[in-house]
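Q: Numbering (this note's numbering), first residue to last: 98 to 533.
1. Write down the C-beta distance between residue 466 and residue 389 rounded to the nearest angstrom, noting that I regard them as a contact closer than 8 Å.
2. Just grab the DSSP bridge partners of residue 412 for me.
3. Could you check if residue 507 is buried or exposed, using at least 16 other CB atoms within 10 Å of its CB as the buried criterion?
4. Since residue 458 is in the alpha helix (DSSP H), which residue starts that stretch and which ends it?
5. Quick check: what's the CA-CA separation for residue 160 versus residue 327?
6. In chain order, what residues of the same chain have a beta carbon less than 7 Å from the beta carbon of residue 441, not counting five sequence neighbours either side?
7. Could you say if the segment 267–284 and the segment 347–366 meet the contact criterion of at least three C-beta pairs nearer than 8 Å?
8. Take the Cβ of residue 402 as the centre, count every other Cβ of all protein chains shown within 10 Å, and call the residue buried at 16 or more, exposed below.
9. Given this structure, state the Cα-to-Cα distance separating residue 306 from residue 156, to the nearest angstrom.
10. Quick one: what does DSSP say residue 131 is sitting in, helix, strand or coil?
11. Do residue 196 and residue 229 have their C-beta atoms within less than 7 Å of each other?
12. Measuring CB to CB, does residue 369 end up less than 7 Å from residue 381?
13. With DSSP collapsed to three states, give me the class of residue 315.
14. So, are the CB atoms of residue 309 and residue 291 less than 7 Å apart?
15. Alpha carbon to alpha carbon, how far is residue 217 from residue 154? Give it in angstroms, no decimals.
16. Could you compute how far the alpha carbon of residue 431 sits from the alpha carbon of residue 422?
17. Can you tell me whether residue 179 is buried or exposed, with buried defined as 16 or more other CB within 10 angstroms of its CB?
18. On the three-pair Cβ rule with 8 Å, is the segment 132–151 touching the segment 165–174?
19. Does the distance from the CB of residue 223 to the CB of residue 435 come in under 7 Å?
20. Three or more C-beta pairs under 8 Å: does that hold for the segment 312–328 against the segment 485–494?
21. Report the option in 256, 147, 438 whose CA atom is closest to the CA atom of residue 277.
22. From which residue to which residue does the alpha helix (DSSP H) around residue 225 run?
23. Exposed or buried, what is residue 119 when buried is set at 16 or more other beta-carbons lying within 10 Å of its beta-carbon?
24. Output the boundary residues of the beta strand (DSSP E) element that contains residue 394.
25. Report yes if the CB atom of residue 338 is closer than 7 Å to the CB atom of residue 275, and no otherwise.
26. Can you tell me which of 367, 414, 219 puts its alpha carbon nearest to the alpha carbon of residue 254?
27. Taking the Cβ atom as the reference point for each residue, do residue 298 and residue 245 lie within a distance shorter than 7 Å?
28. Determine the DSSP secondary structure at residue 479, reduced to helix, strand or coil.
29. Using a Cβ-Cβ cutoff of less than 7 Å, which residues in the same chain neighbour residue 438 once the five nearest sequence positions on both sides are dropped?
30. Please report the Cβ distance between residue 420 and residue 201, rounded to the nearest whole angstrom; I am assuming they are in contact, meaning their Cβ atoms lie under 8 Å.
31. Scan the segment 146–227 and note each continuous alpha helix (DSSP H) run of 4 residues or more that stays entirely inside, going in chain order.
32. Tell me whether the beta-carbon of residue 395 lies closer than 7 Å to the beta-carbon of residue 247.
33. In angstroms, rounded to a whole number, what distance separates the CA positions of residue 520 and residue 414?
34. Among 374, 243, 225, which has the Cα closest to the Cα of residue 235?
35. Using alpha carbons as the reference points, say which of 503, 407, 489, 444 lies closest to residue 482.
36. Ignoring anything shorter than 3 residues, give me the beta strand (DSSP E) runs that lie fully in the segment 254–325, in order along the chain.
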């Protein structure tokens, strides 16, 4: 997606700034400034198109022109950073990694001076997720809410003889549902299946570790606990879902257009359970309403010996400001605007996303999207919270984890050996990046 120039001009006939005293006959005021903003995904486009047309946005941005670039992936932003030509602000990148490597700035002083950003009106976990080692990574916004829940296609479940009024809670129970939902043709090709235990939010080590009661990274000490026997147990248990589907058949299914992860195969009716965040109900309703009407949500799975644990994660999405930005103040103003009811309502309606501003959350219709009510109501029932993606080398660990867990479900390596190797690789990378 190319850059879209979105004018946030002052109302017609209004000056961009008041003339200085005695300035009659002086040269015209400088043209409005530009704010460059890159977003990693494409989902936000319809909301941004509406937001920039509002008089409230135009007034808040003080006549600036927003140059918004969507689907600007991490590689493109890394290239721009390396060249010294990043945008002013960006969102949905590796926040902690960029911050600890000095690519983005600490916005704490700007936040403290802001009359828009209010810590006491933001959910505590989200506000806390914006801080790392005393500094503030960025302005929380756009979509920050609850990350984990089991979403099920109730229509398919009932057709397969399952009771969709009570969703499974333990891995053993979910595995039985997976078996009932997994169908193959006479040639052994996968037609439908229950759960990909590594799809979407379940694909990160944060999730498996939390499910099994492990803290895989300690941000205070920099210590890793990926070799924990419970982490290895988790890789073996989750691997069983892929073994039942057939590793090769499963890989083949994913290669078919429209059968990808993060909701695509769920929308297509091929995948019938997914471990996803609060955004899944809204995105599914917007993208595939005939499937969304059957979406039901409940607690993310845990092992049987932890059946009473209600696990949930939250964490940061934000407008970060790059060290080499030309308009840091403009980028911060954009971050501020994402706190307003105008922005919050537009993003919720157009994309299905929520940002945890408490005064606004109390006004939303939790039944607008099937399955959303679980996430909205979950907070008081959570027994174990995780603030996600806190490790500076999280992306590296995810890549290694993805490789090693496949070796586990293909029975090429012992689960504990895989966990030990993951620990070894993480510690080596930590040292290699000079973080030790």
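Every residue gets a Cβ at the ideal spot worked out from N, C-alpha and C, and that includes glycine.
A: Straight from the coordinates:
1. 7 Å
2. Residue 412 is not bridged to any residue.
3. exposed
4. 455–458
5. 55 Å
6. 452, 454, 457
7. no
8. exposed
9. 46 Å
10. strand
11. yes
12. Contact flag unset, no.
13. strand
14. no
15. 23 Å
16. Straight-line Cα distance between these residues: approximately 14 Å.
17. Here residue 179 is exposed, its C-beta having fewer than 16 other C-beta atoms within 10 Å.
18. yes
19. no
20. Three or more beta-carbon pairs separated by less than 8 Å link the segment 312–328 to the segment 485–494, which places the two stretches in contact.
21. 256
22. 221–226
23. Below a pLDDT of 50, predicted positions are generally treated as unreliable, and residue 119, at 38, falls in that range; the measurement from the model is reported next regardless. Exposed, since its Cβ has fewer than 16 Cβ neighbours within 10 Å.
24. 392–395
25. yes
26. 367
27. yes
28. coil
29. 457
30. The beta carbons of residue 420 and residue 201 sit about 6 Å from each other, so the pair counts as a contact at 8 Å.
31. The segment 146–227 contains these whole alpha helix (DSSP H) runs: 152–157, 171–179, 192–197, 205–210, 221–226.
32. yes
33. 27 Å
34. 225
35. 407
36. Qualifying beta strand (DSSP E) stretches, in chain order: 287–292.
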